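Asker:
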Amino acid sequence: MLGLQGFFLLNSQKLADYFREQVPMSIYFKDTAKDVDMRQLEKTLQMADYTKNAVFVSSEEGAQRTKEDLGEDFIAKLDGFNPIPNSIDVRLNANFVTATEIQQIADDLAAKEYVQEVSYDKPLVSLLNKNVKRISFWMLIVSGIFVLIAFLLINSSIRLSVYAKRFTIKTMQMVGATKGFIRRPFIMTSIKLGLIAAILALGLLAVVVYYADGFVPELEILENYEMLTILFVGVLVFGILISLISTFFATTRYLNLKTDQLYY
483 MLGLQGFFLL
493 NSQKLADYFR
503 EQVPMSIYFK
513 DTAKDVDMRQ
523 LEKTLQMADY
533 TKNAVFVSSE
543 EGAQRTKEDL
553 GEDFIAKLDG
563 FNPIPNSIDV
573 RLNANFVTAT
583 EIQQIADDLA
593 AKEYVQEVSY
603 DKPLVSLLNK
613 NVKRISFWML
623 IVSGIFVLIA
633 FLLINSSIRL
643 SVYAKRFTIK
653 TMQMVGATKG
663 FIRRPFIMTS
673 IKLGLIAAIL
683 ALGLLAVVVY
693 YADGFVPELE
703 ILENYEMLTI
713 LFVGVLVFGI
723 LISLISTFFA
733 TTRYLNLKTD
743 QLYY
């Protein structure tokens with residue numbers, strides 16, 4: 483449960499960036515624009531820091547796309563006139579897909595004398611950034627709840643296990659065994675159980691990660707070794723750590739109880 487939550491949390495920013503980079507910007511040229519100017523702008527955009535990719539679309543290609551979208555030959559109805567101008571389709575890097583940044587880029591491009599119009603979906607950009615912040619906030623809240631639930635479940639299970647052996651603990655204490663000696667086998671057992679549980683969880687998590695990478699290959703999840711290392715090591719350490727801490731406090735509680743309190 484915690485592994486899945488950690489997986490979504492670690493990939494939330496990457497997923498948000500993926501959706502930001504799908505926001506299209508189209509640069510439409512005037513009929514008088516020279517081919518050399520259009521091609522030069524394409525190369526300039528491809529080398530710009532804010533550009534993920536930029537592709538020149540001729541008026542003929544644009545007309546063909548429009549024809550496919552409409553499902554009919556609209557040019558034939560216009561007596562062969564093609565109203566679609568030459569253009570460049572641009573995808574921006576995620577960091578630049580904000581209301582301020584993208585508007586500044588659009589204004590700079592529109593200022594060129596051979597550019598007729600720069601178009602992008604302003605409401606979509608605002609909505610996307612707003613929802614990303616909202617989702618990130620709730621992801622943190624849900625993660626905190628899952629951590630608490632996992633801790634309470636594991637802690638309750640271990641407390642019940644130690645409770646069943648409370649008389650054995652007190653008997654060992656009465657014959658002179660130290661607290662550390664009594665506590666040691668309980669802690670070692672809990673560490674083994676925590677390790678086994680973590681390995682099983684990692685196996686299931688690996689299956690989820692594999693299918694998630696196939697479902698959204700653009701995120702390159704399997705190639706992100708740093709994220710996978712943090713995730714898998716985190717699940718392993720967290721599984722052992724919760725068991726160790728819960729066992730320590732559970733055994734300490736019964737070690738500190740008086741004999742007559744064991745019956746309550």
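The sequence shown lines up with residues 483 to 746 when you count with our numbering.
We put the CB at the ideal spot given by N, CA and C, even for glycine.
Please read these numbers as outputs of a predicted model, since none were measured by experiment.
(1) What does a CB cutoff of less than 6 Å around MET507 pick up in its chain, not counting 5 residues either side in sequence?
(2) Please determine, among ALA536, SER540, PHE731 and PHE511, the residue with the shortest C-alpha to C-alpha distance to ARG666.
(3) Considering only the alpha carbon of each residue, which of LEU523, THR653, ALA530 and LEU684 lies closest to LEU574?
(4) Tell me whether VAL607 sits in a helix, a strand or coil according to DSSP, three-state version.
(5) Could you tell me the boundaries of the alpha helix (DSSP H) in which VAL719 lies?
(6) Just grab the DSSP bridge partners of GLU599 for me.
(7) How would you label ILE651, buried or exposed, when you count the other beta carbons within 10 angstroms and need 16 or more for buried?
(8) Looking at the structure shown, is LEU682 part of a helix, part of a strand, or coil, going by DSSP?
(9) Over what stretch of residues does the beta strand (DSSP E) that includes ALA536 continue unbroken?
(10) My assumption, with CB atoms under 8 Å, is that SER494 sits in contact with SER672. Please give the rounded CB distance.
(11) Mind checking THR734: buried by the 16 CB within 10 Å criterion, or exposed?
(12) Is VAL689 buried or exposed, if buried means 16 or more other CB atoms sit within 10 Å of its CB?
(13) When the distance is taken between beta carbons, is ALA545 closer than 8 Å to ASN568?
(14) Can you tell me the Cα-Cα spacing of ALA683 and LEU737, whole angstroms?
(15) Give the secondary structure of ASP427 by DSSP, where H, G and I count as helix, E and B as strand, and everything else as coil.
(16) Using the Cα positions of PHE663 and MET654, report the straight-line distance between them to the nearest angstrom.
(17) Name the two residues that bound the continuous beta strand (DSSP E) containing ASP571.
(18) Compare the C-alpha of ALA576 against each of GLN504, VAL715, MET709 and PRO699 and name the closest.
(19) Using CA coordinates, which residue listed in GLY562, LEU606 and LEU713 is at the minimum distance from GLN585?
(20) Nearest to TYR596 by CA position, among ASP555, GLN522, TYR645 and TYR707, is which residue?
Answerer: From the atom records:
(1) VAL572 and TYR602
(2) PHE731
(3) ALA530
(4) helix
(5) 707 to 737
(6) TYR510
(7) buried
(8) helix
(9) 533 to 539
(10) Actually they do not touch by this definition, with Cβ atoms about 32 Å apart.
(11) exposed
(12) exposed
(13) no
(14) 32 Å
(15) It is not possible to answer for residue 427, since the shown part of the chain is limited to 483 through 746.
(16) 9 Å
(17) 569 to 574
(18) GLN504
(19) LEU606
(20) GLN522
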